[in-house]
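Take 44 as the starting number for the sequence shown in our numbering and just add one per residue.
Before any comments, here is the structure.
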Amino acid sequence: MLSNIIRARLLVGTALLCVPAIAQAGHVVGTVSDITGTRTLPSAQISIVELGRTVEADRAGRYRFTDVPAGTYTLRAIYTGAERVDTSITVAQDGDLVQNVLLGGANDILVNGQRANLASSLSRQRGADGVESVLTRDSIGQFPDQNVAESVRRAPGVNVLNDQGEGRFIAVRGLDPSLNAASLNGVRVPAPEADTRSVALDVVASELIESIEIKKSLTPDMDGDTIGASVEINTTSAFDRKKDLLAASLEGSYNHYSGDLTPKGSVSFSNRIADNFGVSGGASYYLRKFETDNVEMDGWNTDDAGNGFADTVEYRDYDVRRLRTGGSLSFDWQPAESTRLYARGIYNRFSDQEDRRRLIFEMDEDPASSTGASATFDSADGQIRVERDLKDRFEKQTIQSYTVGGETNSGPWKLVYSAAWSRASELEEGSIDPITFRRDFNGEDGDDLTVGFDYSNYLIPGFTVGGASVADFNDASAYAFDSLDRTTLSRATDKEWTFRADVTRSFALAEGTFDLQFGGKARLRKKAYDLNVDTLEYDGDFTLADVVGAQTYRLADLGPVVAKKGQRGFLQNNIGDFEIDELGSAFASVAEDFSVDEDIYAGYLLGRYQAGPLRLIGGVRMEHTKNDIRGNTVTLNEDGEDGEQLIVAPNSIRRSYTDWLPSALLRYEASRDVVLRAGVFRSLVRPGIGQLAPRFAIERDGDDLEGAFGNPDLTPYRAWNVDVGAEWYFAKSSVLQLGFFYKDIDDYITTVTFEADDAPFNGLYRGIAFTEADIPLNMGKAKIKGIEFAYSQVYSMLPAPFDGLLTNVNYTFTDADGQTFDGDTGGLRDIPLPASSRHTFNVVLGYEKGPVSVRLAGTYRDKYLDEVQAVADEDRYVRQHFQLDASARYRITPNIQVFGEWVNINNAKYVAYQNAPTTRRLLQYEKYSYTMKFGVRANF
């Protein structure tokens, strides 16, 4: 089949070569920039009015018309935020006419500040083929955000999932982040984490980025692997600007909880060494120290009195140190008027030192007494185990991408080509996860402890202890060493080679143009994970008193806790008394290992028709996917004839499949200020790498066989997508827009927990018996529909001083429903799709006049289903989240600016819960407090 497609393309190309060019025709080329000559203006719309032909300026501000008949015409330039400019041009019978365009007047702000950022974003949005939102380099700097993920959430329909108070994964239109894809300089970004395709963009420093495009509609020349959106991240180019730039910032970051003041700094530059050669790049450094207070509860049940209780309660004290460093470098060269070449590279490193101390209560029996708001447990009724542990983890993630490519124009032909190598990794070496000290209160011989929990504030349950052994509860010497799990090595790597070529032939029509475009792409990916875990046992007297430290927790008095790094010194000084549990360590290590090769070969054919106000784009894309998947089936038999036995069976599975992905988009300018859009396209999202890996980890304890399975038979999510929208650009840098979207998804994936008697497996999966197992499955169809609304305006029409006001408001409603296995009935039950929020909105209130710039930004994400369980009452939900941030800047001189930023003003918390019959049951509560930053920026 692939050979037939290649033959067809060769025939089409040969035929097109035979089409004669229009006689006595020339070319019109030029660059669009602001009137000061500082920067180019990408996505400015350039039209030859009499011919009904329109093009958009590329990221370097360049535009090009081919095969323009000799004559005199009106060249029209439109850019949101500036007045329209009409220029009379005369085209000769042959050769190129160079007509550069300058936009902006005395009252137009197109270079610096919030209004310039808004104008740039709206211009790119307006000129786009489909539904798209854009953030430019300056606008990223205007927000008090700590990484790219948090910067993106300001765009319409975009929000983020947080990790310990920082944005991590991007959610578009309220959908699961796994349904999105991200690219760096046109190359898909590999994922550092072992089990996912979702890219945690907190690794990428926003200071290194020129623009971020959130494309919600797909055309055939784009990768088809997204249902939410394709997030396109672009680094800087020297050709983005007309004038050289050197910029630097230095700031301090203060976290209220930790009380630490940490540094952040960045530098960026852009230099045209010659008219046809330039270099640009930057570097960033950000050290952040913060603390988190956390409560987690599990094992919710109901006692004989009908009152709810949790049999496990954890109080968690986090101290975190995060360091982000990064650098980017780009070279741009124009060896001839028809050819531009580039080389771009970006490297980002994210390290995370996490020290987590826990106080854990585990109760074997129901409470001795309870009410609707409390539960009291007594060790006389059943064992109460109290554990105090420490997780000392250092994790390093990197994302790097290097691309070379170019563009060549020859008459009506355009050739675009590139090659890239990308790598992401996550590494742990020597993390302690965790070291545990334990005291069991059994209620025998006076060894009695009572624990009472107060649920009246369901977010922060309090506890009290009593009984004859209450003194031991706070006695560090009473807690004996239980276990130490050391992650000797945890290494995930994700590498990809990418090769791409696109060919376009433009045909000039009596009115408008028709472009025929075709191309191919190869993505060669390999992802692997290697885990080595050592479980250490100690032969000697080792108690918490040997490594006791002080808590930084604020929600309760935890009593004695393990000192940060305290266990490392003891381990080094007494290493001879520790022994490795060889069998348990080998089981944990081998069960997780996997490797997956994924090669994707794509080709497409696209037609693009532009005439006056109408633009039509249609075509089809083919993607052929090949997988080579390797993992292990690991069985731990504790009842073997020779004692415990570890049985490892390697697995290797190969498969391939082909998807045809048609699409059609319409863009129509109903009037000078109104743009209408409609589109339908098919796309897919491939299963998570960790879900595909044939890893089968089964642990036997007597007659119980519990574990988790990978499923190499998973098929991709496949979806039909529909977008309809209208945009009214009613004033400079202002828009009112409304859109509708619909998605019909087949074979969406949910991980389900099965018991031995649950259909359809009835305790046997892929020939392996189990009594309980987690298995990812394709669950059938899902429907997603929703609306998007956005309003942005600069109030320059108001009298001073109110003419500096601006607003940016957007809201998204998403209705996303599917089904999953129902452990109660054995059938299916309806659920909202995981990680999908029904309501999301962003609000920005800004003021900018003279040297003063102020912003207040609020972001809201509705509750969402986080984890699916076999029983509906055990599903995990995350509560709605609203966060308020602010920034203020004052320009001392034209080149120097001081600023202050306040992140999480309202001290927004993270809350996860279960839905009980009459109330919510807490699963997780986290509190971070706020962060303040202040510093100085300089531009030269």
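We treat Cβ as the ideally placed atom computed from N, Cα and C, and that holds for glycine.
| Check | Outcome |
| --- | --- |
| Cutoff 7 Å; reference Tyr973; Cβ partners in own chain excluding five residues on either side | His299, Trp945, Val946, Asn947, Ile948 and Asn950 |
| Of the residues Thr530, Ala751, Val591 and Phe282, the one placed nearest Arg315, counting alpha carbons only | Phe282 |
| As assigned by DSSP and simplified to three states, the class of Asn885 | strand |
| Pairwise C-alpha distance: Val546 and Thr179 | 28 Å |
| Sequence-distant residues of the same chain with beta carbon closer than 7 Å to Ala272, five excluded per side | Val215, Asn223, Ile257, Lys258 and Lys259 |
| Segment contact flag, the region 107-117 with the region 449-459, C-beta cutoff 8 Å, min 3 pairs | yes |
| Per-residue DSSP class, three states only, for Asn517 | coil |
| Sub-8 Å separation of Leu244 and Ile213 beta-carbons | yes |
| Three or more C-beta pairs below 8 Å linking the region 780-798 and the region 853-873 | yes |
| Beta bridge counterpart(s) of Val174 as assigned by DSSP | Answer by DSSP bridge pairing: none, since Val174 is not bridged. |
| Residues near Lys976 in its chain [Cβ-Cβ closer than 6 Å; skip 5 each side] | Glu294, Ser296 and Glu944 |
| Assigned exposure category for Gln136 - 16 Cβ within 10 Å defines buried | exposed |
| The region 623-631 contacting the region 571-585, beta-carbon criterion three pairs below 8 Å | yes |
| 8 Å contact criterion, which Phe856 and Ile830 should meet: CB distance rounded | 5 Å |
| Supposed close pair Arg196, Thr701 - CB separation, criterion 8 Å | Actually they do not touch by this definition, with Cβ atoms about 36 Å apart. |
| Minimum length 4: unbroken alpha helix (DSSP H) runs contained in the region 782-835 | none |
| Asp318 burial status per 10 Å Cβ neighbour count (16 or more: buried) | exposed |
| Sub-8 Å separation of Asp347 and Asp398 beta-carbons | no |
| N- and C-terminal bounds of the beta strand (DSSP E) containing Gly562 | Thr556 to Tyr581 |
| Burial state of Gln940 (16 or more Cβ within 10 Å) | buried |
| CB-CB length for Thr586 against Val230, believed under 8 Å | That pair is no contact at about 53 Å. |
| For Ile732, the first and last residue of its enclosing beta strand (DSSP E) | First-last for Ile732: Ile732 to Leu735, but that is the alpha helix (DSSP H), not the beta strand (DSSP E). |
| Rounded C-alpha distance that separates Thr676 from Val911 | 25 Å |
| Stretch-stretch touch, CB-based, cutoff 8 Å, three pairs: the region 916-931 with the region 892-901 | yes |
| Backbone secondary structure at Phe630 - three-state DSSP | helix |
| Identified DSSP bridge partners for Thr958 | First, the amino acid is wrong: residue 958 is Asn here, not Thr. BP columns for Asn958 point to Arg963. |
| Segment contact flag, the region 404-420 with the region 438-445, C-beta cutoff 8 Å, min 3 pairs | no |
| Residue(s) in a DSSP beta bridge with Ala929 | Leu899 and Trp945 |
| The alpha helix (DSSP H) enclosing Ser90, as first and last residue numbers | Counting along the chain, Ser90 falls outside any alpha helix (DSSP H), though it belongs to the beta strand (DSSP E) covering Gln88 to Ile91. |
| Contact check, Phe333 vs Val429, beta carbons under 8 Å | no |
| Buried or exposed by the 16-neighbour rule on C-beta atoms within 10 Å, applied to Gln615 | exposed |
| Sufficient close CB pairs (3 or more, under 8 Å) joining the region 364-371 to the region 419-433 | no |
| Rounded separation between Ala959 and Ile475 - CA only | 36 Å |
| Uninterrupted beta strand (DSSP E) stretches inside the region 420-472 (no shorter than 3 residues) | 427-453 and 456-471 |
| Contact under 8 Å by Cβ, Tyr69 with Leu146 | Per the sequence shown, residue 69 should be read as Gly rather than Tyr. Not closer than 8 Å, so no. |
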